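Peer 1: Before I ask anything, let me first share the structure, which is written out below as structure tokens.
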Amino acid sequence: MAQSAKRVGHHEAVLVVFAKAPVPGQVKTRLCPPLTHDEAATLHGSFVLDTLERTKLAREQLRLPFDRYLACAPSSSLPFFKIMEERHGVPLIEQSGDTLGARMHRGFSEMFDRGYRNVMIVGTDVPSLPLEHYAHALRLLTDHDLVLGPAVDGGYYLIGLTAPSPWLFEDIPWSTDRVLSLTRERAHQRGISTALLAPWRDVDTIDDLRALIESCALDNARPKSQRIFSSRTAGALELLAKRLRSRA
Numbered sequence: 000m001a002q003s004a005k006r007v008g009h010h011e012a013v014l015v016v017f018a019k020a021p022v023p024g025q026v027k028t029r030l031c032p033p034l035t036h037d038e039a040a041t042l043h044g045s046f047v048l049d050t051l052e053r054t055k056l057a058r059e060q061l062r063l064p065f066d067r068y069l070a071c072a073p074s075s076s077l078p079f080f081k082i083m084e085e086r087h088g089v090p091l092i093e094q095s096g097d098t099l100g101a102r103m104h105r106g107f108s109e110m111f112d113r114g115y116r117n118v119m120i121v122g123t124d125v126p127s128l129p130l131e132h133y134a135h136a137l138r139l140l141t142d143h144d145l146v147l148g149p150a151v152d153g154g155y156y157l158i159g160l161t162a163p164s165p166w167l168f169e170d171i172p173w174s175t176d177r178v179l180s181l182t183r184e185r186a187h188q189r190g191i192s193t194a195l196l197a198p199w200r201d202v203d204t205i206d207d208l209r210a211l212i213e214s215c216a217l218d219n220a221r222p223k224s225q226r227i228f229s230s231r232t233a234g235a236l237e238l239l240a241k242r243l244r245s246r247a
């Protein structure tokens, strides 16, 4: 096996964080307006940081045995991703493919080629996802072929596999409310055992953002040691809440 295809750690499981660089006009565009493209990009960048911090916390606090990678778009050579690599100790890989499905399939294939047996992909739109969801996903992968974390909008925020399954990602209408149901239907047709995590709300629309702002406000009422949201994201959401009220 080529050196570039070796694992970075010694675990049999791996979690790949799929992230886009926070470039204004290229991320979270469904929030604009009422957000500006700069505001949306700043929020997205905070979500990427949250996801890296919380997946590291899951490994440390819950002693979860998985390695991590950051799958980068449009390029891992961008300074933002280089900073993430240095600051969070997470190796970078490229996202490649014309569709989200193609990029995920190639991400899974690369990890299986490196020798991992259980591979999970998570997005960066669920900054408040409980750490236990990662533990549950790992447990379910020990006796299921496919694990899905249903998003409230009909997609999924996490997917885990024990073997390459390209047909799960072909001809799927991405960014629609049919993604989860069609994926489960494909798995059923192939006789693939599937398990579901608890649903969670990702952040794609302004209604999702308002719900996250409300959730963060409740979180801020807890003692600091029990809070889920980072102070960085909490501050950003508080500022956005004020701006949204002024623009109403």
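With numbering that gives the first Met the number 0, the residue at position 204 of the sequence shown is 203, and numbering never jumps. We put the CB at the ideal spot given by N, CA and C, even for glycine. As the structure is a prediction and not an experimental result, all values here were calculated from the model.
Could you give the C-beta distance for R67 and V16, rounded to a whole number, given that I count them as a contact under 8 Å?
Peer 2: Taking the first residue of the sequence shown as 1, we reach residue 67 at position 68. Taking the first residue of the sequence shown as 1, we reach residue 16 at position 17. That belief holds up - the Cβ atoms of R67 and V16 are roughly 7 Å apart, short of 8 Å.
Peer 1: In angstroms with no decimal places, state the Cα-to-Cα distance between V47 and A70.
Peer 2: Taking the sequence shown and counting its residues from 1, the one referred to as residue 47 is at position 48. Taking the sequence shown and counting its residues from 1, the one referred to as residue 70 is at position 71. Straight-line Cα distance between these residues: approximately 11 Å.
Peer 1: On a Cα-Cα basis, can you pick out the residue from M110, Y155 and N219 that is closest to A235?
Peer 2: Reading the sequence shown from its first residue, position 236 is the one you call residue 235. Among M110, Y155 and N219, the Cα nearest to that of A235 belongs to N219.
Peer 1: Does V7 pass the burial test, meaning 16 or more other C-beta atoms within 10 Å, or should it be called exposed?
Peer 2: Residue mapping note: residue 7 aligns to position 8 of the sequence shown, counting from 1. V7 should be labelled exposed.
Peer 1: With DSSP collapsed to three states, give me the class of G100.
Peer 2: What you label residue 100 is simply residue 101 of the sequence shown in a count that begins at 1. Helix.
Peer 1: DSSP on W166, reduced to helix/strand/coil?
Peer 2: Numbered from its first residue, the sequence shown carries residue 166 at position 167. Reduced to three states, the DSSP call for W166 is helix.
Peer 1: Among the residues of its own chain, which have a CB less than 6 Å from the CB of R231, if the five just before and after it don't count?
Peer 2: Along the sequence shown, one-based indexing puts residue 231 at 232. Closer than 6 Å at Cβ, skipping near neighbours: S45.
Peer 1: Enumerate in chain order the residues of its own chain whose CB-to-CB distance from A1 is below 6 Å, with the five nearest sequence positions on each side excluded.
Peer 2: Along the sequence shown, one-based indexing puts residue 1 at 2. Legend: pLDDT at A1 = 38, less than 50; position of this residue unreliable, no value from coordinates given.
Peer 1: In the structure shown, what three-state DSSP assignment does P78 receive?
Peer 2: On the sequence shown, residue 78 is found 79 positions in, with the first residue counted as 1. P78 falls in the helix class under three-state DSSP.
Peer 1: DSSP on K19, reduced to helix/strand/coil?
Peer 2: Locating residue 19 in the sequence shown gives position 20, counting from the first residue. K19 falls in the strand class under three-state DSSP.
Peer 1: Between H132 and R242, what straight-line distance do the alpha-carbon atoms span, to the nearest angstrom?
Peer 2: Counting from one through the sequence shown, the residue named residue 132 turns up at place 133. Counting from one through the sequence shown, the residue named residue 242 turns up at place 243. Each residue's alpha carbon lies about 32 Å from the other.
Peer 1: How long is the line joining the alpha carbons of D97 and S224, rounded to whole angstroms?
Peer 2: As a first step, residue 97 is located in the sequence shown; it is residue number 98 there, counting from the start. As a first step, residue 224 is located in the sequence shown; it is residue number 225 there, counting from the start. C-alpha separation (whole angstroms): 42 Å.
Peer 1: Skipping 5 residues on each side, what residues in its chain have a beta carbon closer than 7 Å to that of S3?
Peer 2: Taking the sequence shown and counting its residues from 1, the one referred to as residue 3 is at position 4. With a pLDDT of 46 at S3, under the threshold of 50, the modelled position of this residue cannot be trusted, and the question is left open.
Peer 1: At the level of alpha carbons, what is the spacing between Q94 and L167?
Peer 2: Position 95 of the sequence shown, counted from the start, is the residue given in the question as residue 94. Position 168 of the sequence shown, counted from the start, is the residue given in the question as residue 167. Going by the C-alpha atoms only, they are around 17 Å apart.
Peer 1: I need the straight-line Cα distance from P64 to L160, nearest angstrom please.
Peer 2: Numbered from 1 along the sequence shown, position 65 holds the residue referred to as residue 64. Numbered from 1 along the sequence shown, position 161 holds the residue referred to as residue 160. Near 16 Å, if we compare the C-alpha coordinates of L160 and P64.
Peer 1: For the structure I just gave you, are there three or more beta carbon pairs, one from the region 110-119 and one from the region 180-194, closer than 8 Å?
Peer 2: Short answer: they don't touch.
Peer 1: Straight-line CA distance for S192 to L179?
Peer 2: Locating residue 192 in the sequence shown gives position 193, where the first residue counts as 1. Locating residue 179 in the sequence shown gives position 180, where the first residue counts as 1. Going from the Cα of S192 to the Cα of L179 covers about 15 Å.
Peer 1: If you draw a straight line from the C-alpha of R86 to the C-alpha of P163, how long is it?
Peer 2: Start at 1 with the first residue of the sequence shown, and residue 86 comes out as number 87. Start at 1 with the first residue of the sequence shown, and residue 163 comes out as number 164. The alpha-carbon atoms of R86 and P163 are separated by roughly 31 Å.
Peer 1: In chain order, what residues of the same chain lie with their CB nearer than 6 Å to the CB of R105, ignoring the 5 residues before and after it?
Peer 2: Here residue 105 corresponds to residue number 106 of the sequence shown, with the count starting at 1. These residues qualify, in order along the chain: S95 and G96.
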